[in-house]
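First the structure, in the form of structure tokens, and then the observations on it.
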Amino acid sequence: MGTIAITGSASGMGAATSARLRADGHTVIGVDLRDADVEADLATSEGRRAAIDGVLTACGGVLDGLVPFAGLGPLPDRPGPIVVSVNYFGSIALLEGLRPALAAAPDGAAAVAISSNSTTCQPGVPRAVVEACLAGDE
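Residue numbering for the sequence shown is 3 to 140, as defined by the numbering used here.
Quick look at the structure:
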């Protein structure tokens, strides 16, 4: 069985997927704000770096899978930029930062990217946000 990193592992789909993979015999490295193997805030570049470093340490530089599940939905009191930071830039940073560990898997590896329209389709988000995401301009 393989070693798989899952962001958003403390609740929702991330928790359910983590439980299922563990039940199937996989080693899961959970990443979340709290109650996880690696605790990190994916809303910040520092938190994303900490998540990458924590996963690399936990997996010894070899990772069989990655599921960046962490995500936020739009709420009236939640600033739009934090949604974009977690949902888009958090996923991209983990996919890029863990690519060498995925490439090191002897039997090949897989990354499953989960998307949400809450990053770019929440009310009032201008097209400029989409363009900034594509340009890597957080």
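All C-beta atoms, glycine included, are put in the ideal place defined by N, C-alpha and C.
| Asked | Found |
| --- | --- |
| Go through its chain and collect everything with a Cβ distance to Ala103's Cβ below 7 Å, but skip five positions before and after it. | Leu58, Cys61, Gly63, Val64 and Leu65 |
| Leaving aside the five residues before and after Thr46 along the sequence, list all residues of the same chain whose C-beta is less than 8 Å from its C-beta, in chain order. | Ser87 |
| Note the first and the last residue of the continuous alpha helix (DSSP H) segment covering Thr19. | Gly14 to Ala25 |
| How is Asp109 classed by DSSP in three states: helix, strand or coil? | coil |
| Following the continuous beta strand (DSSP E) through Asp34, name the residue where it begins and the one where it ends. | Thr29 to Asp34 |
| If you pair each beta-carbon of the segment 100-115 with each one of the segment 33-52, do three or more pairs fall below 8 Å? | no |
| Spatial neighbours of Ser93 within its chain, please: C-beta separation below 7 Å, excluding the five flanking residues on both sides. | Pro70 and Ala115 |
| Just verifying my parser: in three-state terms, what is the DSSP assignment at Leu141? | Nothing about residue 141 can be read from this structure; the chain reaches only from 3 to 140. |
| Does the Cβ-Cβ distance between Ala72 and Leu97 come in under 8 Å? | no |
| Kindly indicate which three-state DSSP category Glu48 falls into: helix, strand or coil? | helix |
| Whole angstroms are fine: how far does the CA of Tyr90 sit from the CA of Gly82? | 12 Å |
| How many Å lie between Thr9 and Cys135 at the Cα? | 20 Å |
| For Glu98, which residues does DSSP report across the bridge? | Glu98 pairs with nothing; no bridge assigned. |
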